[in-house]
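Right, one structure below, let's go through it.
There are 2 protein chains.
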Amino acid sequence: MEDINYIKENRLEDTGFAYTLKLISGKYKMQTLYAISLNQGPLRYNELKRLLTPISFKSLANTLRELEAAKLIYRKEYPKIPPKVEYGLTKLGESLIPVLDAICTWGEKQMK
Amino acid sequence: MEDINYIKENRLEDTGFAYTLKLISGKYKMQTLYAISLNQGPLRYNELKRLLTPISFKSLANTLRELEAAKLIYRKEYPKIPPKVEYGLTKLGESLIPVLDAICTWGEKQMK
DNA sequence: CAGAATCCTGCGCGATACTG
DNA sequence: CAGTATCGCGCAGGATTCTG
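Chains as they are written, first to last, in the working numbering: chain U, 1 to 112; chain R, 1001 to 1112.
As structure tokens, this is what we get:
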């Protein structure tokens, strides 16, 4: 009944569904989160760049900034030469991984 | 180890994850599937148009065609005047709903 | 090494009009 | 009612260059 109302009242955009999509939609956001998860630990800027090939520097920077703003990843800077920056999942980001895993699992089933 | 290899070999794109995303990425694809699911039954063209506001006719037509090509929805035409066409979830499409539900649930938790 | 800055491009998507 | 056809554009994303 709740769901029915949502949809009847044309407010799909007020559901948690739309809320989540707003945070993770974009060409590389989910891939970025998933790459960090698969690595089982934080990744450096250039590692992400390589893993997300063919992403551009600009897209990567944007993606990381937006994910950080959404508190899904954290950015840790090591002030030294040469510079080193790591990106890892926050608790919030980790809580999203089961969802991404479900996406992966579903795909694996269909592939064979 | 499998996962590690995937990521080390820069083949995130060969995972089930990428496979799934290819089918459901696009501005309105997941929303379309979810709307049909929430309705607990097939929806007509104009109903979808309304529910997915502010989608355009062109985007809606494209979205429906691509989802149908991916066998996630079916199209049923009633040959009569006035025309009536229904779009519903296939078995494959239904199998994806738990994943979309997970996305919704996650969002609901964060909203409060 | 990790970006910022700049300029450029495609195309996903929208708006509108038309049709069986 | 359920779509196509046409035209046009914003903006996400790309390519390249520069810097602390």
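In this text, a Cβ means the ideal position worked out from N, Cα and C, and glycines have one as well. Here the structure is a predicted model, which means the values were calculated and not measured.
- Query: Can you tell me whether DSSP reads I1073(R) as helix, strand or coil?
  - Reply: Taking the first residue of the second sequence as position 1, residue 1073(R) is located at position 73. Correct three-state label for I1073(R): strand.
- Query: Looking only at its own chain, which residues have a Cβ that is under 8 Å from the Cβ of K49(U), when we skip the five neighbours before and after it?
  - Reply: Taking the first sequence and counting its residues from 1, the one referred to as residue 49(U) is at position 49. Around K49(U): I55, F57 and L60.
- Message: Please identify the residue among E13(U), K27(U), K76(U) and K84(U) whose C-alpha is closest to the C-alpha of A1035(R).
- Response: Start at 1 with the first residue of the second sequence, and residue 1035(R) comes out as number 35. Answer by Cα proximity: E13(U).
- Query: In three-state terms, what does DSSP make of A18(U)?
  - Reply: To locate residue 18(U), count along the first sequence from 1; it is residue 18. In the structure shown, A18(U) adopts helical secondary structure according to DSSP, grouped into three states.
- Query: Under the three-state reduction of DSSP, which class applies to L988(R): helix, strand or coil?
  - Reply: The structure shown does not extend to residue 988(R), since chain R spans only 1001 to 1112, so no value can be given for it.
- Considering N39(U), what are the terminal residues of the alpha helix (DSSP H) in which it resides? Within the first sequence, the letter at position 39 stands for residue 39(U). Counting along the chain, N39(U) falls outside any alpha helix (DSSP H), and DSSP gives it neither H nor E.
- Item | Pair within 8 Å by beta-carbon distance, I1103(R) and S1037(R) | To locate residue 1103(R), count along the second sequence from 1; it is residue 103. To locate residue 1037(R), count along the second sequence from 1; it is residue 37. At a Cβ-Cβ threshold of 8 Å, I1103(R) and S1037(R) do not count as neighbours.
- Indicate whether the contact test is met: 3 or more Cβ pairs, each with one atom in the region 1018-1030 of chain R and one in the region 1063-1079 of chain R, closer than 8 Å. Contact holds: three or more Cβ-Cβ distances are below 8 Å.
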